[in-house]
Each structure stands twice: as structure tokens, then as C-alpha cells.
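Everything below concerns the one structure shown next.
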Amino acid sequence: MKKVLIIEDEPNIRELVLYNLGANGYEGIGADDGILGITLVHTEKPDLILLDIMLPGKNGYDICRELRGEGNKTPIIMLSAKNDEIDKVLGLEFGADDYISKPFGIRELIARINAVLRRYDDQKPDDQTVVIEDLVISVERHEVSINGKIVEFTLKEFDLICFLAKNRGLVFTRDQLLDKVWGIDYAGETRTVDVHIRYIRRKLGLDENENKYIQTIRGKGYKMI
Ligand code: CA
Numbered sequence: 001m002k003k004v005l006i007i008e009d010e011p012n013i014r015e016l017v018l019y020n021l022g023a024n025g026y027e028g029i030g031a032d033d034g035i036l037g038i039t040l041v042h043t044e045k046p047d048l049i050l051l052d053i054m055l056p057g058k059n060g061y062d063i064c065r066e067l068r069g070e071g072n073k074t075p076i077i078m079l080s081a082k083n084d085e086i087d088k089v090l091g092l093e094f095g096a097d098d099y100i101s102k103p104f105g106i107r108e109l110i111a112r113i114n115a116v117l118r119r120y121d122d123q124k125p126d127d128q129t130v131v132i133e134d135l136v137i138s139v140e141r142h143e144v145s146i147n148g149k150i151v152e153f154t155l156k157e158f159d160l161i162c163f164l165a166k167n168r169g170l171v172f173t174r175d176q177l178l179d180k181v182w183g184i185d186y187a188g189e190t191r192t193v194d195v196h197i198r199y200i201r202r203k204l205g206l207d208e209n210e211n212k213y214i215q216t217i218r219g220k221g222y223k224m225i
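Each residue of the sequence shown is one higher than the one before, counting from 1 in my numbering.
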């Protein structure tokens, strides 16, 4: 369940929004001033922040700037009573993701929240990190390490270990691996796969036939455990 923090000092609006967040499948939490709001961002780690501009303690612009300044990328939708362009521009310049002016309809607000979260999820890098005991494969960072030490792989070795890691538990034949990793047009032999598996195992400090991490499935192919 996605968590939405609303930082809003007007109790009626805050309560109405919290109620409707709950009714729309979100976990809502509320703060009635800026200082508490920042604290809750740190402790509760919400997925999205609804941020009023005029707030006691710390105003919405400062909160926005402060969070972005510390590298916090939580999506923020600014709420403002003033429906003018200046607020809009300022809000977005300080790093907000969207803006909605009061009074707003609940349906519109929920639609904006859904849209911002969807956009945010789409942009999120494909951060796939596979951890098998002391082996860590970071697909995004293009890095494999064992016991914290980086292992140097050739491009194809890396592609192969990544492909198996992304599809952990599934068995692939040598032909399938050639198609997936080397490409359908690759004219090489299935032996190529075996050779690369051997190199990978060696670089991981294993015996060539050792079934740790990558298993040889007799008569079928390979899988990552
Ligand atoms: Ca206010």
C-alpha cells in the first residue's frame, strides 16, 4: 500500500484528504505544521507528499527546497489557496512535481496522485539487484561482486550472468541462452555457452563444474539458483 503524507494546517482539508486517501487504497498520514512534516518525511518515508504552501513552522517552498537539497526525490504535489501563476512556477521551481489549487475536488486530487505516482514509477531506474549469499549482481550498475570484491567480466559474461540472475530459478537451454544473450542471428555453437559458464564460475572462485549460484541441469541447460 502506497503511503501519502499530507502536510496541511487546515484541519478540515487534512481530515477530508486523509479520509479519502484511505477510501482510495492509500495509507494516509498527516502533519499540521512544516517541522513535523519534515520529520515525518524522514521517519515514515512516504511515497508521495501533499504539501500546503502557507504553513506554521516552515512553509511549503522551504520544505520542498530542503528535501530536494538533501537529495530526497519523493514526489511532491503542492496545494495552494492562491490560484495564480506565481505560486505555480515557484512551487515547481523548488522541485515539486505537480500543483493543485484549493479548493480542489477529491476526485481530481486522487487522479493527480495516481498520475504522479505512475509517472514516478515509470521513471524509476530498473534497479535490479540480485543477491545470492555473498554474490551481488547489480544489473543497473553493471557490477558483480563477491564478498564485496568486484569481479571483472567480459561484456558477454556479464550479459549471461545478468540474464540468468534476472530470471532466477528458470532453466534455459543452451540454444535459448544463445538467442537471449548473443542474439538470434549469432552463428556460434551451443558450446559457447558452456565455455562462458566455465569462465564465469572460475571468476567467481568456483570449480568449473561447481553448481553454486549457477546450476547445470543435466540434459537441459542452466539456471541460477
Ligand atoms: Ca495553510
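The beta-carbon is built from N, C-alpha and C at its ideal position, and this holds for glycine as well. Values in this document were obtained by computation on a predicted structure and should not be read as measured data.
Taking every residue with its beta carbon within less than 6 angstroms of a heavy atom belonging to ligand 1 gives, in chain order, Asp9, Glu10, Asp52, Met54, Leu55. One Cα belongs to Asp122, the other to Asp47, and the distance between them is close to 14 angstroms.
In the three-state reduction of the DSSP assignment, Ile225 falls in the coil class.
In this chain, the alpha helix (DSSP H) harbouring Glu66 covers 60-69. Rounded to the nearest whole angstrom, the C-alpha separation of Thr192 and Ser145 is 23 angstroms. The closest CA to that of Arg202, considering only Phe172, Lys3, Ile161, is found on Ile161.
Sequence-distant Cβ neighbours of Gly57 in its own chain, meaning closer than 8 angstroms and more than five residues away, are Asp33, Gly34, Ile35, Leu36, Gly37. Residue range 143-146 is occupied by the beta strand (DSSP E) that includes Glu143. Straight through space, the alpha carbons of Asn167 and Glu157 are spaced by roughly 16 angstroms. Residues Ser138 of the same chain have their beta carbon placed closer than 6 angstroms to that of Thr129, with the five preceding and five following residues left out of the count.
Within the region 5-38, the complete alpha helix (DSSP H) segments at least 4 residues long are 11-23, listed from N- to C-terminus.
A Cβ-Cβ contact shorter than 8 angstroms links Ile225 with Ile132.
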